[in-house]
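There are 2 protein chains.
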Amino acid sequence: MMSTTDTETYTVDAIMDTIESNNYHIYFEDSLTALRTFVANGNYSRFFVLTDENTAQYCLPLLREKLGDPENFDLIEIPAGEESKDIDFCIGVWKMLIDFGADRQSLLINLGGGVISDLGGFAASTFKRGIDFVHVPTTLLSQVDASVGGKTGIDIDSIKNIIGTFTQPKAVFIEQQFLKTLPARQILSGNAEMLKHGLICDEEYWNLLKTSDLENPTAALVYKSVQIKNKIVLEDPHEKNIRKALNFGHTIGHAVETWSLINDKDSLSHGEAIAIGMICEAYLAHKKTGLSAAELEEITRTLTNLYPRYELKMEHSATLLEYMLKDKKNQNGKINCTLLSTIGQFNIDNVCTNDELLEGLNYYASL
Amino acid sequence: MMSTTDTETYTVDAIMDTIESNNYHIYFEDSLTALRTFVANGNYSRFFVLTDENTAQYCLPLLREKLGDPENFDLIEIPAGEESKDIDFCIGVWKMLIDFGADRQSLLINLGGGVISDLGGFAASTFKRGIDFVHVPTTLLSQVDASVGGKTGIDIDSIKNIIGTFTQPKAVFIEQQFLKTLPARQILSGNAEMLKHGLICDEEYWNLLKTSDLENPTAALVYKSVQIKNKIVLEDPHEKNIRKALNFGHTIGHAVETWSLINDKDSLSHGEAIAIGMICEAYLAHKKTGLSAAELEEITRTLTNLYPRYELKMEHSATLLEYMLKDKKNQNGKINCTLLSTIGQFNIDNVCTNDELLEGLNYYASL
Numbered sequence: 001m002m003s004t005t006d007t008e009t010y011t012v013d014a015i016m017d018t019i020e021s022n023n024y025h026i027y028f029e030d031s032l033t034a035l036r037t038f039v040a041n042g043n044y045s046r047f048f049v050l051t052d053e054n055t056a057q058y059c060l061p062l063l064r065e066k067l068g069d070p071e072n073f074d075l076i077e078i079p080a081g082e083e084s085k086d087i088d089f090c091i092g093v094w095k096m097l098i099d100f101g102a103d104r105q106s107l108l109i110n111l112g113g114g115v116i117s118d119l120g121g122f123a124a125s126t127f128k129r130g131i132d133f134v135h136v137p138t139t140l141l142s143q144v145d146a147s148v149g150g151k152t153g154i155d156i157d158s159i160k161n162i163i164g165t166f167t168q169p170k171a172v173f174i175e176q177q178f179l180k181t182l183p184a185r186q187i188l189s190g191n192a193e194m195l196k197h198g199l200i201c202d203e204e205y206w207n208l209l210k211t212s213d214l215e216n217p218t219a220a221l222v223y224k225s226v227q228i229k230n231k232i233v234l235e236d237p238h239e240k241n242i243r244k245a246l247n248f249g250h251t252i253g254h255a256v257e258t259w260s261l262i263n264d265k266d267s268l269s270h271g272e273a274i275a276i277g278m279i280c281e282a283y284l285a286h287k288k289t290g291l292s293a294a295e296l297e298e299i300t301r302t303l304t305n306l307y308p309r310y311e312l313k314m315e316h317s318a319t320l321l322e323y324m325l326k327d328k329k330n331q332n333g334k335i336n337c338t339l340l341s342t343i344g345q346f347n348i349d350n351v352c353t354n355d356e357l358l359e360g361l362n363y364y365a366s367l
Numbered sequence: 001m002m003s004t005t006d007t008e009t010y011t012v013d014a015i016m017d018t019i020e021s022n023n024y025h026i027y028f029e030d031s032l033t034a035l036r037t038f039v040a041n042g043n044y045s046r047f048f049v050l051t052d053e054n055t056a057q058y059c060l061p062l063l064r065e066k067l068g069d070p071e072n073f074d075l076i077e078i079p080a081g082e083e084s085k086d087i088d089f090c091i092g093v094w095k096m097l098i099d100f101g102a103d104r105q106s107l108l109i110n111l112g113g114g115v116i117s118d119l120g121g122f123a124a125s126t127f128k129r130g131i132d133f134v135h136v137p138t139t140l141l142s143q144v145d146a147s148v149g150g151k152t153g154i155d156i157d158s159i160k161n162i163i164g165t166f167t168q169p170k171a172v173f174i175e176q177q178f179l180k181t182l183p184a185r186q187i188l189s190g191n192a193e194m195l196k197h198g199l200i201c202d203e204e205y206w207n208l209l210k211t212s213d214l215e216n217p218t219a220a221l222v223y224k225s226v227q228i229k230n231k232i233v234l235e236d237p238h239e240k241n242i243r244k245a246l247n248f249g250h251t252i253g254h255a256v257e258t259w260s261l262i263n264d265k266d267s268l269s270h271g272e273a274i275a276i277g278m279i280c281e282a283y284l285a286h287k288k289t290g291l292s293a294a295e296l297e298e299i300t301r302t303l304t305n306l307y308p309r310y311e312l313k314m315e316h317s318a319t320l321l322e323y324m325l326k327d328k329k330n331q332n333g334k335i336n337c338t339l340l341s342t343i344g345q346f347n348i349d350n351v352c353t354n355d356e357l358l359e360g361l362n363y364y365a366s367l
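So the protein sequences, as listed, match chains A and B. Counting in UniProt numbering, the first sequence runs from 1 upward without gaps. Counting in UniProt numbering, the second sequence runs from 1 upward without gaps.
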């Protein structure tokens, strides 16, 4: 069991300095100019930009303009959506790199959301035993979550991130302008991870988020979430202990997300699924690790106000438990959850029984 | 340009102590007992043995007997042969690990030749972002080459090791008994890498090998080759400089191997292809880096005496050059070779023109 004892407060109107991460930098201010400098000075032989059809349309023009359309740029485009994180698309990216003649001095620029950074990071970290890559996250979710921390991953049979590596990007460039291209539902998806950062580590930030206009998150809020996540992953890059804090809401949330991906025509977004997961796991935290009834109520109310209700049918819970059993966080076949002891304090490595997990699901279903 | 200035000599009748590599050990004496201890003390939740149909038949019984058939052992079997290194088989291994319920505390034991250790190492290093693996190499080639050095790799479209990682095994267990199960042609395949070790680093060892009964290599000879390879990879694990020494014969050899894999019914073994590559590249070394005519003649004679002649048709050379162009060792689209300055001294990063490479191929073809 572990929790942060850190009482440091983050100011939300701080100058957004470049953040130092694990041997790389995360750029905020005028970040695409920083990318241009990186590309010019990097001694790379070739540049590849991985996009999906959306980022190719909405984000690539700005990137091209800022970079001055350099030579040796080739595009690799995959369809938008979580389905593209499948190994088959990864093989497609590898084959395009082969066909383009990419060598070990090539740089892959991942322009997109979490699917692009996770898949692109994995493809690059394994191509010819590893080429350099950078992230230009274009969704709120990828800015505050996927692009920071050095996890890469792809899916097999809809099992999320079952294959991946721990490999750090060479840099991350966070450009606020891209958020303006996003539909509200995608912003809301990113909000879930920001709210999680408050819940696990920083009550003050949680309180601030509750009263903020989350549909239009300020650059300072994004910056603060990146600070929180970066602090955690720097302390524990390979998820041996405190990085597990970030899994709050994800044991149940990932299972719900997988279910929805397979069964729903209009699948849940990652954030929508994680919001459900956080409600269920807040219930478990109340039962197991001391989260008060008032706090459970506060978390439940905040999240159900923000996110649309999802019909969780209890007759599907056996399948959900099956997905949870395949979760990477498990040990010795036991399902492991990160819970809260209070808002702002996490508690890792809680083995949950099937009955407890069913109770958690049932809590959400009966709201 | 670089070459070893090391004048240390290796004794071939040394006691075969455990060799220390990059945070792991390579066991020789009574190595399967060492494996049993490793398995017993390793705090693993589950054990998986990756075999091919040959090692399942000839090597697995001894492994089982020595390990006392512990609980929690599951087998994953793939067909024998280089074709099994394809990404499709890797996906098969991942899916079996998923189906068996492998968690992050699982250990994968790679029982087989280079295909098993390369593929198994890659599958393990990426499954759930990395589980532990050990190698029990059962061919001479994998004992002196693939199992040492932390390279993992799989093929796509017959392009060898185009995808992979640098990940160290947790231990390597070299068991001489397994060599007795091998056909002569497989022993000869391993001999090529041993001869290469002499050519690049140790003239004395090369002279010793020339007069040894290579069909029945002694444990001391195997040990010495592992020592040489381990010394190089420890100095340069990620192949930034001197590890490239090990690529001697491989730029042309890999291309010939790929050609044969695609076109011949009875494909060349790795060693047979590398022997051809070493002859062609010795010719380039004579032309470019000072290898004497007498040394070229000596290398050519030794290798052509040991290995069957292969009909290298010059009308296929354009295709061979295409394969060489896709080689991982290239930079900026230029084909890069490791050559020799004399027997026992290597010379890395030699850019070779198409004409030079064609001359090298032609040298072999006109023998």
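Virtual Cβ for every residue (Gly too), placed ideally from N, Cα, C. Note that the coordinates shown come from a computational prediction; the quantities given were computed from them, not determined experimentally.
Asked, Found
"Minimum Cβ-Cβ distance from Ser106(A) to chain B less than 8 Å", "no"
"Contacts of Trp94(A) in chain B (Cβ-Cβ under 9 Å)", "Ile87, Ile156, Ile162, Ile163"
"Ranges of the beta strand (DSSP E) found wholly within the UniProt domain \"3-dehydroquinate synthase N-terminal\" (76-187) of chain A, counting only runs of at least 3", "106-112, 132-137, 154-156, 159-163, 171-173"
"8 Å Cβ cutoff, Phe166(A) in contact with chain B", "yes"
"Nearest residue (CA-CA) to Glu77(B), options Ala56(B), Asp69(B), Lys66(B)", "Ala56(B)"
"Any chain A beta carbon closer than 8 Å to Arg243(B)", "no"
"Helix, strand or coil at Lys334(B) [DSSP, three-state]", "strand"
"For Ile26(A), the first and last residue of its enclosing beta strand (DSSP E)", "25-27"
"Boundaries (first-last residue) of the beta strand (DSSP E) holding Asp349(A)", "345-352"
"Touch test, the segment 136-152 of chain B against the segment 77-88 of chain B, Cβ-Cβ under 8 Å, three pairs minimum", "no"
"Beta-carbon proximity of Ser21(B) to Glu175(B), cut-off 8 Å", "no"
"Option nearest Asp103(B) by Cα separation, candidates Gly130(B), Thr251(B), Leu111(B)", "Gly130(B)"
"DSSP-derived helix/strand/coil call for Asp69(B)", "coil"
"Span of the beta strand (DSSP E), counted from its first residue to its last, around Arg36(A)", "Where Arg36(A) is concerned, there is no enclosing beta strand (DSSP E), although the alpha helix (DSSP H) it sits in stretches over 31-41."
"First and last residue of the uninterrupted beta strand (DSSP E) at Arg46(A)", "46-52"
"Proximal chain B residues relative to residue 371(A), where beta-carbon distance stays under 9 Å", "Residue numbering for chain A in the displayed model covers 1 to 367; residue 371(A) lies beyond these limits and cannot be assessed."
"Buried/exposed call for Gly333(B), threshold 16 Cβ in 10 Å", "exposed"
"Backbone CA spacing between Gly101(A) and Lys326(B) [nearest angstrom]", "7 Å"
"Interface residues of chain A facing Thr353(B) [CB-CB closer than 8 Å]", "Within 8 Å Cβ-Cβ: nothing; Thr353(B) doesn't reach chain A, min ~17 Å."
"Ser267(A): first and last residue of the uninterrupted alpha helix (DSSP H) it sits in", "No alpha helix (DSSP H) holds Ser267(A); DSSP gives it neither H nor E."
"CA-to-CA distance, Thr167(A) to Tyr58(B), given in whole angstroms", "38 Å"
"Alpha carbon of Ile154(B) to alpha carbon of Asn23(A), nearest angstrom", "28 Å"
"Environment of Gly68(B) [buried if 16+ CB atoms lie within 10 Å]", "exposed"
"Beta-carbon spacing of Gly120(A), Asp52(A) below 8 Å", "no"
"8 Å Cβ cutoff met for residue 368(A) and Leu268(A)", "There is simply no residue 368(A) to check, as chain A begins at 1 and stops at 367 in what is shown."
"Straight-line gap, Ile19(A) to Gln227(A) (C-alpha atoms, nearest Å)", "7 Å"
"Residue span of the alpha helix (DSSP H) that contains Ala294(B), given as start and end", "293-306"
"Whole-Å CB distance - Val136(B) paired with Ile26(B), under 8 Å assumed", "With 8 Å as the limit, Val136(B) and Ile26(B) do not qualify as a contact, their Cβ atoms being about 11 Å apart."
"Residue from Gln345(A), Ala255(A), Asn330(A) with nearest C-alpha to Ser292(A)", "Gln345(A)"
"7 Å Cβ cut-off: residues of chain B touching Phe127(A)", "Ile163"
"Contact set between Asp74(A) and chain B, taken where Cβ atoms lie within less than 8 Å", "Within chain B, no residue comes near Asp74(A); the closest Cβ sits about 14 Å away, beyond 8 Å."
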